[in-house]
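Counting from 1, one number per residue, gives the positions in the sequence shown under UniProt numbering. Glycine is no exception: its CB is placed at the ideal position from the N, C-alpha and C atoms. Note sheet for the following structure.
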Amino acid sequence: MWHFDQQDSQLFLVICWSIWWARNRRWAENDMISLEQTILFTRNYWGAFSVSLEPHHSLNSLPVSTTWTAPAPGSIKINSDAAIFHLDGDFGVGVIARDSNGHCLAWSSVRLHRCVLPEVDEAWAARIAIQLAHLFGWTDIVLESDCASLHSQLISSTTLSSYIGPIVFDILSLATSFNSCHFSLVRRTGNSVAHSLARHVSWDEGTTFYLLQLVYWLWQICLINAFCFPLKKKQNHTL
């Protein structure tokens with residue numbers, strides 16, 4: 001006789017919900033969802049749900065800014081975010097670098113295949129962000145994301161998650177090549193530009209960095225962000 005614990009019961013409910021979701025897509029939208037797509041959707045949804053239950057992922061207990069704030073003069077702030085496309089199992093990465101005046105210096109929009117967990121995707125986004133900084137030769141940087149669990153591991157230099165441990169180690173190793181590297185946490189509302197870049201990736205896999213080439217929708221978001229950020233700088237953690 002099977003004995004389900006709480007996690008088994010939650011997984012069972014997610015599986016049932018995923019089957020119901022596939023059924024509704026077929027019935028309401030005449031969209032046939034394959035078994036592989038349903039499995040991918042289940043895996044990604046279960047991963048996101050599991051991560052959300054862990055206490056160290058909560059932003060509520062942390063003094064986190066809700067708006068984007070400019071870095072100190074001479075420093076470059078690089079925001080990163082990841083967005084999961086549940087249907088095909090891919091994920092997008094958005095990265096944008098801005099100076100103390102809020103001016104965009106470079107941005108990246110990347111599509112990668114086969115996401116594992118939202119936390120892993122966020123870690124990949126942060127790694128691409130620090131690669132961008134290294135590519136352009138910036139010396140003083142701030143890496144900012146809205147992933148609390150990733151942030152806590154970066155500032156403590158410990159790997160609480162076996163999934164992102166190697167990526168965190170890689171980010172910390174790359175961080176030593178800069179004069180200063182700070183890690184900052186912001187809520188999703190303050191990370192809207194990076195999030196939009198992650199959602200608007202192309203269908204091609206790969207990493208592309210763009211220097212001062214802003215499409216219209218990105219220019220609008222940056223303009224709104226630039227007018228909204230407060231002049232007062234918030235505290236950031238450093239290595």
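Considering only residues of the same chain and omitting the five flanking positions on each side of V64, which have a CB-CB separation below 6 angstroms? L185, R187
What does DSSP give as the partner residues of V120 in its beta bridges? None; V120 has no bridge partner.
Return the CA-CA distance between T69 and S9, expressed in angstroms with no decimal places. 42 angstroms
Output needed for I130: all residues of its chain with C-beta closer than 7 angstroms, excluding positions within five of it in sequence on either side, in chain order. L143, I171, L174, A175
Would A126 and L150 be called neighbours here (beta carbons separated by less than 8 angstroms)? yes
Can you tell me which of the three DSSP states I15 falls into? helix
Can you grab the Cα-Cα spacing for the pair P73 / S100, in whole Å? 5 angstroms
Starting from V193, trace the alpha helix (DSSP H) in both directions and tell me its first and last residue. 192-199
Rounded to the nearest angstrom, what separates T189 and N79 at their Cα positions? 12 angstroms
Among the residues of its own chain, which have a CB less than 8 angstroms from the CB of S177, if the five just before and after it don't count? H134
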